[in-house]
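Colleague: Sharing a structure with you now.
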Amino acid sequence: MKPKYKFVILTILFSLIAFFLLWLTKNSNIAVLNPKGLIAASERRVIVTSLLLMLLAVVPALTMLFLFAYRFRASNPKNNYNPNYSLDSRMQILWWGLPIAVILVLAVLTFKSVHQLDPFKALNSPNRPLTIQVVALNWKWLFIYPEQNIATVNFIQIPQKTPIHFELTADAPMNLFWVPQLGGQMSAMQGMSTQLNLMANEAGEYNGSASEINGKGLAGMRFVVKAASQEDFNSWAQSVKNSSKPLSLETYSKLAEPSENNPKALYSSVESDLFKSVMMKYMSGEPEKSE
Amino acid sequence: MSIFFGNLSLSALPHEWFTIGGTVSMILMGLGVAAFLTYTKRWKWLWTEWLTACDPKKIGIMYILVASVMLFRGALDAAMIWLQQSLSVGASHGYLDAGHFQQIFTAHGDIMVFFVTMGFLFGLINLIVPLQIGARDLAFPFLNSLGFWLYLAGAILINLFFVFGGEFAATGWLSLPPLSELAYSPGVGVDYWVWSLQVSGIGTLIGGINFIVTILKMRAPGMTLLKMPMFTWTSLISMILVVCVFPILTVTITLLWLDRYFGMHFFTSSFGGNPMMYVNLIWMWGHPEVYILILPAFGIYSEVVATFSQKKLFGYVSMVIAALLVAGLAVLVWLHHFFTMGAGADVNAFFGITTMFIAIPTGVQIYNWLSTMYRGKITFSQPMHWFLGYVATFTFGGMAGVLMASPAADYQLHNSLFLVAHFHTMVIGGALFGIFAGITYWFPKVTGFKLNERLGKLAFWFWIVGFFVSFVPLYILGFMGATRRLDHYDASLGWQPLFITAGVGLVIISFGVALQVWQIVMSFISRKQNLDITGDPWNGRTLEWSTPSPPPAYNFAIIPTVTDRDAFWEMKQRINTDTETDKHGYTDIHMPKNTGMGIYLAGFVFIFGFAMVWHIVWLAIVSLIGCVVCIIIRSLDDEVEYTLPAAEVEKMEKLKTGYL
Chain Z
1 MKPKYKFVIL
11 TILFSLIAFF
21 LLWLTKNSNI
31 AVLNPKGLIA
41 ASERRVIVTS
51 LLLMLLAVVP
61 ALTMLFLFAY
71 RFRASNPKNN
81 YNPNYSLDSR
91 MQILWWGLPI
101 AVILVLAVLT
111 FKSVHQLDPF
121 KALNSPNRPL
131 TIQVVALNWK
141 WLFIYPEQNI
151 ATVNFIQIPQ
161 KTPIHFELTA
171 DAPMNLFWVP
181 QLGGQMSAMQ
191 GMSTQLNLMA
201 NEAGEYNGSA
211 SEINGKGLAG
221 MRFVVKAASQ
231 EDFNSWAQSV
241 KNSSKPLSLE
251 TYSKLAEPSE
261 NNPKALYSSV
271 ESDLFKSVMM
281 KYMSGEPEKS
291 E
Chain U
1001 MSIFFGNLSL
1011 SALPHEWFTI
1021 GGTVSMILMG
1031 LGVAAFLTYT
1041 KRWKWLWTEW
1051 LTACDPKKIG
1061 IMYILVASVM
1071 LFRGALDAAM
1081 IWLQQSLSVG
1091 ASHGYLDAGH
1101 FQQIFTAHGD
1111 IMVFFVTMGF
1121 LFGLINLIVP
1131 LQIGARDLAF
1141 PFLNSLGFWL
1151 YLAGAILINL
1161 FFVFGGEFAA
1171 TGWLSLPPLS
1181 ELAYSPGVGV
1191 DYWVWSLQVS
1201 GIGTLIGGIN
1211 FIVTILKMRA
1221 PGMTLLKMPM
1231 FTWTSLISMI
1241 LVVCVFPILT
1251 VTITLLWLDR
1261 YFGMHFFTSS
1271 FGGNPMMYVN
1281 LIWMWGHPEV
1291 YILILPAFGI
1301 YSEVVATFSQ
1311 KKLFGYVSMV
1321 IAALLVAGLA
1331 VLVWLHHFFT
1341 MGAGADVNAF
1351 FGITTMFIAI
1361 PTGVQIYNWL
1371 STMYRGKITF
1381 SQPMHWFLGY
1391 VATFTFGGMA
1401 GVLMASPAAD
1411 YQLHNSLFLV
1421 AHFHTMVIGG
1431 ALFGIFAGIT
1441 YWFPKVTGFK
1451 LNERLGKLAF
1461 WFWIVGFFVS
1471 FVPLYILGFM
1481 GATRRLDHYD
1491 ASLGWQPLFI
1501 TAGVGLVIIS
1511 FGVALQVWQI
1521 VMSFISRKQN
1531 LDITGDPWNG
1541 RTLEWSTPSP
1551 PPAYNFAIIP
1561 TVTDRDAFWE
1571 MKQRINTDTE
1581 TDKHGYTDIH
1591 MPKNTGMGIY
1601 LAGFVFIFGF
1611 AMVWHIVWLA
1621 IVSLIGCVVC
1631 IIIRSLDDEV
1641 EYTLPAAEVE
1651 KMEKLKTGYL
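In order, the protein sequence lines correspond to chains Z and U. With our numbering, letter number 132 in the first sequence gets 132, and the count goes up by one each step, no holes. With our numbering, letter number 132 in the second sequence gets 1132, and the count goes up by one each step, no holes.
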C-alpha cells in the first residue's frame, strides 16, 4: 500500500474513533469541564490554558514526525539521503529554547494559579462564609454544621454564592474529598485537619465522591451537594433541627463502625466539639480500632 | 498460632474459584513444563545450560521469559478489572466483590511495574549492554545470576497467595498506611506484598550495582564515556537511579513490616506515627522508579532512530545531558503525587514547577530524534513502527503529565481515571513500546534469526489502535469525575459506554498480543529461511552488530578498539584500508564458571519470605542460616572462572567463519 493511502486510512480510522467517543458522551456530564463553582471554573481555566500552551511545543513535534517519516522514507525516489549529513548543531538552541520557553511561561502561570487557588485560602465574597466540618469514616462521609449545630451523612446542603469553608479530618484510613463541579480534591486524615474553600455559583445538585482507596466500601462513599438559595438553606437547616435524631458520642461511635452504601441521614444536634474530639483521638495515643 | 506452622492452617488452602483457578493453572503449567523436559530428556540440559548460567545473554533471555509470563498474568488482571467495571453499574454489582476487585488491581499494578517492565528492561540490559561496550562479561557474573533468581523468587511470592492464604493486598499498588496497617488490613495480603517487593527489590539493587560497575570499568579500550552508545548511557543513568532510590523502598517497606509485626508506630495515625511520612518515602522511590523504567527505553529509541534512518544520532551530547537532567530532576519531584494532601502553596509550586522542567529534556530528546530522521533514509521496520507509535502516544501522555504538574489542575485530576490514563500512556506508550522496539530490534542478534516483519507490523497496528480505544475513554471518564479503583458506580452517571469501549480496546490489544506470540512461533518454525548470517541485519552502528548472531559465550574473540562514537559503523567505513583485527592474535579468555549457588541462595530467601508471611519463626531462622552458609561457601570458592585457551578460541572462530 502506498504511504499516502495508509495515512488517509489512519486519519479516517482515528477520526471515527474520536467521533464515536464524542457521541458516547453526548448525554453525560463532563463535570470537570462543566464547572458550577468559583474554584472549579478557575481550575478549568488553568487546565485549558496549560493544554493550549503545550500544544505550541507538541504540534510542531508531531507535524515534523509525520512529515519527516513520509518525506525521508527509503522508498521515496526524491530522497536526498546523505549518511554524513547533520543539521547545524546550532539547531540545539531552538530545540532547547522552544520547550524552555513554553515551560517557563507555564511555570509563571502555575506559580500564580497555585497561590490563587490555594485550597486553604478564604474566598472573597460579600456573603459570610459557612463552615462545614467533614469526617471521612468507613465508608461514609459525616458533615457537621457547627454554626447550625446539625449534621448529615452523605449529603450536603449549601447556600449558593456563599463561600463554604470545609474543615476535614478522618476517623478511618486517609481519604480524598471531591466535588468536581465545585472544585478540586482535599485529603482527610486521622489526627489532622485540612481545609478546603469552595463556592457554588448557581443552584443545583452536584455529585461528590471519595477518591483515595480506603477499603472495600470505597465505591459507595458518594454524596450529593445541593446548592440552593440562602432562604432554602435556612429552612432546610431548621427542618433538620426539628427532626428527631441527635448525634451524641454514642450515636457517633456506632456511626463510625464500618458500613457500606449508607443512605443520606440527618442529625438534629451534634455533641459539642465532636470534630475536635475525633481529631484528638489520634493525638492522645489511643490505638486504632480493628475492624 | 502453632509453633510449627505459624499462622498457616488448612483454611489458608484454596477454596474460592479464583484461588483454585490460580493454583490449578500454576500446577498445570509446572506439570506441563516438567513433562516436556522429561519427554525431551532436557532436565540436565536445562540445569547446566540455563539455570546455573552466569552468561548475561542467557540470564537476559530468562528475565524476558519470566517477564512475558508475568505480562500475561498482569493482562489477565487488567481484563478482570475492565470486565467488572463494564458490568457493575446501578443495580448490577458485577461478578466480583469489592475486596477481590481491589486485590486484583493491586496485583495488576505491582506485577506490571516490578515483574513485567523491570524484568524486560533488565533482560534487555543484560543482553545488550556488555555487547555494546565490547565486554565479554559483567563485572560480577554471580551477582547477576543471584539478582535474576531473587527477581524470580519475588515473582513467585507475589503469586503464591493463590495457593496459601487466598488473599493479596487490597490496598493499591503502593499499600499506603494507615490502610495497610494491621488495624485495617489484618490478613496476609499485605505481608505477601511486603515480602515479594522486598525480595525482588534487593535483586534489582544488586543488578543496579553490577551494571554501574560493568559500564564504568569494563568498556573496550578507546570507548570513553562520551563514545558510549545511547542505550548504554541511559542504562547507566537508570541503574544509578536504582542504586539511589531502591534502598528507600527497602527501608520504607521494612518500617511498615516493623509496624505490622512488632506493633511499632512509624506510620500509624496514633502513638506519634505519621502515615504522611510513608507517602513521602514511598514516592521518593516511586517517582524515580518511573524514570528507571523510561530511561532505558529512551536509549532504545535513540539506537533505533539512528539505525533505521541510517544516520548518526543528532545531538549526542545534548541527548546525554538531557538524560542526566531527567534523572536529576526525577529525584526532586516526588511531592507532585500528593498535591492534595494540604501542603502550602509554595511547596506545591516548587514541586509542580520542577516537575514541568522534566518536560524540557524530554522534549529535547524528541526534537533530536526528529532531527536525526531529517535527510535520513528511513526504513519502517518493526522497531521504527514502535518508535513512531511511541512519539504519537507519549506526547499526549506527556501533555497530560505536565498538566497534572500544575497543582491547581491536579486538584481536579488527581486519583481520577485521567491520572490512570496518563500513567498507562507513559508506561505502555513509553516503556513497553520501547521494550517491543528493543526486542524486535535485537531479536536477530540474540537468537540468530529474524522475526516475521508482516505479522509484527500487524501486531503493532492492533496495539496502537487498541491503545487509543482503551485509554482515550479513561481520559474522558476522568474529566467526568470518575475516580480510580471503583468496583461499582451509578447508572445515571453515564460512564458505562466509555468503560465498555475501553474494554473493546483491551480486546483489540489482546489480538495484537496474540499476533506477537504467533509471530514468534512462525518465525521460529521458518527460522532456517530467516537466518541472520551476517550478524548485522539492519546495517547497525554499534558494537553488538560486529559480533555473529547469536554471539559466542565470550562475545568478542578479540576485544575491539574503539575510536569513534558509532564504533561499528566507522569500522565498516574503514574496512578496506585498515584491517586492525588481524594485527592481534587470539589470547586466553577467562570465563565465569556456571554455578547453582544463585538458585540455592535465592531459594533460601524465598523460603525466608514465605516464613515471614506466615510467622513461622523457626523456618525463617533456618532459611536465614541457609543464606549465610551459601554466602560463606561462595565467598570461599576460589575457582569461579575457567580459561578458554587461545587455540580453542581460534578453532571456534575458524569454525564459524568456515561455516559462514
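Don't be surprised by glycine CBs; every beta carbon is placed ideally from N, CA and C.
Do you know whose CA, among U:1276, U:1527, U:1202 and U:1235, lies nearest residue 1213 (chain U)'s CA?
Modeller: Nearest option by C-alpha distance: U:1235.
Colleague: What does a CB cutoff of less than 7 Å around residue 1504 (chain U) pick up in its chain, not counting 5 residues either side in sequence?
Modeller: Same-chain partners within the cutoff: 1469.
Colleague: What separation, rounded to the nearest whole angstrom, lies between the Cα atoms of residue 1660 (chain U) and residue 1555 (chain U)?
Modeller: In this predicted model, residue 1660 (chain U) has a pLDDT of only 44, less than 50, meaning its place in the structure is not dependable enough to derive any value.
Colleague: Can you give me the Cβ contacts of residue 1662 (chain U) inside the same chain, cut-off strictly under 6 Å, excluding the 5 residues immediately before and after it?
Modeller: No answer is possible for residue 1662 (chain U): it lies beyond the span of chain U, which begins at 1001 and ends at 1660.
Colleague: Please confirm whether residue 1220 (chain U) and residue 1643 (chain U) have their CB atoms less than 8 Å apart.
Modeller: Not closer than 8 Å, so no.
Colleague: By the 10 Å Cβ neighbour count, where 16 or more other Cβ atoms means buried, how is residue 1519 (chain U) classified, buried or exposed?
Modeller: It counts as buried.
Colleague: Strictly below 9 Å CB to CB, what residues from chain Z border residue 1414 (chain U)?
Modeller: Residues of chain Z passing the Cβ test: 176, 178, 184, 185 and 211.
Colleague: Whole beta strand (DSSP E) runs in the region 1286 to 1312 of chain U with 3 or more residues, listed along the chain?
Modeller: You should have found no qualifying run.
Colleague: Going by alpha carbons, who is nearest to residue 147 (chain Z) out of Z:279, Z:271, Z:11 and Z:22?
Modeller: Of the candidates Z:279, Z:271, Z:11 and Z:22, the one whose C-alpha sits nearest the C-alpha of residue 147 (chain Z) is Z:271.
Colleague: Would you call the region 1140 to 1150 of chain U and the region 1040 to 1058 of chain U touching, i.e. three or more CB-CB distances under 8 Å?
Modeller: The region 1140 to 1150 of chain U, when compared against the region 1040 to 1058 of chain U, does touch it at the 8 Å Cβ threshold.
Colleague: Relative to chain U, which residues along the region 78 to 100 of chain Z have a C-beta separation below 9 Å, given in chain order?
Modeller: Against chain U - using a Cβ distance shorter than 9 Å - the residues of the region 78 to 100 of chain Z are 79, 80, 81, 82, 83, 84, 85, 86, 87, 89, 91, 92, 94, 95, 96, 98, 99 and 100.
Colleague: At which residues does the alpha helix (DSSP H) containing residue 948 (chain U) begin and terminate?
Modeller: Beyond the ends of chain U as shown, which are 1001 and 1660, falls residue 948 (chain U); an answer cannot be given.
Colleague: So residue 1510 (chain U) is in the beta strand (DSSP E); what residue range does that whole segment cover?
Modeller: Taken as a continuous stretch (DSSP letters only), residue 1510 (chain U) belongs to no beta strand (DSSP E), being part of the alpha helix (DSSP H) at 1496 to 1525.
Colleague: Give a yes or no on whether the minimum CB-CB distance between residue 1356 (chain U) and chain Z is below 8 Å.
Modeller: Yes, residue 1356 (chain U) lies at the interface with chain Z (some Cβ there is under 8 Å from its Cβ).
Colleague: Scan the region 1479 to 1508 of chain U for residues whose Cβ lies nearer than 8 Å to a Cβ of chain Z and list them as they occur along the chain.
Modeller: Against chain Z - using a Cβ distance shorter than 8 Å - the residues of the region 1479 to 1508 of chain U are 1479, 1480, 1481, 1483, 1484, 1485, 1486, 1487, 1488, 1489, 1490, 1493, 1494, 1495, 1497, 1498 and 1501.
Colleague: For residue 1410 (chain U), count neighbouring Cβ atoms within 10 angstroms of its own Cβ and tell me buried if that reaches 16, exposed if not.
Modeller: Residue 1410 (chain U) comes out buried.
Colleague: How close, in whole Å, do the beta carbons of residue 1305 (chain U) and residue 1387 (chain U) come, if the pair is a contact with beta carbons under 8 Å?
Modeller: At roughly 6 Å, the Cβ-Cβ gap stays under 8 Å, so residue 1305 (chain U) and residue 1387 (chain U) are in contact.
Colleague: What alpha helix (DSSP H) runs, 4 residues minimum, are completely inside the region 1423 to 1480 of chain U?
Modeller: DSSP runs (the alpha helix (DSSP H)) wholly in the region 1423 to 1480 of chain U: 1433 to 1447 and 1453 to 1479.
Colleague: Between the region 221 to 229 of chain Z and the region 198 to 208 of chain Z, are three or more C-beta pairs nearer than 8 Å?
Modeller: The region 221 to 229 of chain Z, when compared against the region 198 to 208 of chain Z, does touch it at the 8 Å Cβ threshold.
Colleague: Which one or two residues does DSSP pair with residue 1591 (chain U) in a beta bridge?
Modeller: Paired residue(s): U:1642.
Colleague: Count the other C-beta atoms from every protein chain shown that fall within 10 angstroms of the C-beta of residue 1580 (chain U), then say buried if there are 16 or more, exposed otherwise.
Modeller: No answer about residue 1580 (chain U) holds up, because its pLDDT of 49 lies below 50 and its placement is not dependable.
Colleague: Kindly provide the ranges of any beta strand (DSSP E) runs that are 3 or more residues long and lie completely inside the region 94 to 156 of chain Z, ordered along the chain.
Modeller: Those beta strand (DSSP E) runs which fall completely within the region 94 to 156 of chain Z and span 3+ residues are 130 to 137, 140 to 145 and 150 to 153.
Colleague: Applying the criterion that 16 or more other CB atoms from any shown protein chain within 10 Å of the CB defines a buried residue, is residue 1105 (chain U) buried or exposed?
Modeller: Residue 1105 (chain U) is buried by the Cβ-count criterion.
Colleague: So the alpha helix (DSSP H) residue 1334 (chain U) belongs to, where does it begin and stop?
Modeller: Segment: none, residue 1334 (chain U) is in no alpha helix (DSSP H) and carries neither H nor E.
Colleague: Who are the Cβ neighbours of residue 1085 (chain U) in its own chain at under 6 Å, not counting the five residues just before and after it?
Modeller: Contacts found: 1499.
Colleague: What does the alpha-carbon distance come out to for the pair residue 254 (chain Z) and residue 174 (chain Z)?
Modeller: If I take the Cα positions, the gap works out to 20 Å.
Colleague: Looking at chain Z, is there any beta carbon in it that lies within less than 8 Å of the beta carbon of residue 1064 (chain U)?
Modeller: Not one chain Z Cβ lies under 8 Å of residue 1064 (chain U).
Colleague: Quick one: what's got a C-beta closer than 6 Å to residue 1538 (chain U)'s C-beta in the same chain, skipping five residues either side?
Modeller: Excluding sequence neighbours, residue 1538 (chain U) sits near 1307.
Colleague: Would you kindly check if the distance between the Cβ of residue 1428 (chain U) and the Cβ of residue 1467 (chain U) is under 8 Å?
Modeller: For residue 1467 (chain U) and residue 1428 (chain U), yes; Cβs fall inside 8 Å.
Colleague: Hey, would you say residue 1432 (chain U) sits closer than 8 Å to residue 1117 (chain U), going by beta carbons?
Modeller: Yes; because the gap between Cβ atoms is below 8 Å, this pair is in contact.
Colleague: I'd like the span of the alpha helix (DSSP H) that includes residue 1399 (chain U), first residue to last.
Modeller: 1382 to 1405 is the span of the alpha helix (DSSP H), which, as asked, contains residue 1399 (chain U).
Colleague: From the DSSP output, in three-state form, read off residue 1483 (chain U) for me.
Modeller: Of the three classes helix, strand and coil, the one that applies to residue 1483 (chain U) here is strand, per DSSP.
Colleague: Have a look at Z:216, Z:43, Z:18 and Z:15 and flag the residue whose alpha-carbon is nearest the alpha-carbon of residue 1184 (chain U).
Modeller: Ranking the options by Cα distance to residue 1184 (chain U), first place goes to Z:216.
Colleague: Might you give, ordered along the chain, the residues of its own chain that have their beta carbon closer than 8 Å to the beta carbon of residue 1270 (chain U), omitting 5 neighbours on each side?
Modeller: So the list is empty, once near-sequence residues are dropped.
Colleague: Would you kindly check if the distance between the Cβ of residue 1040 (chain U) and the Cβ of residue 1129 (chain U) is under 8 Å?
Modeller: No. Outside cutoff.
Colleague: To which residues of the same chain is residue 1018 (chain U) closer than 6 Å at the C-beta, ignoring the five residues directly before and after it?
Modeller: Nothing listed; no residue qualifies.
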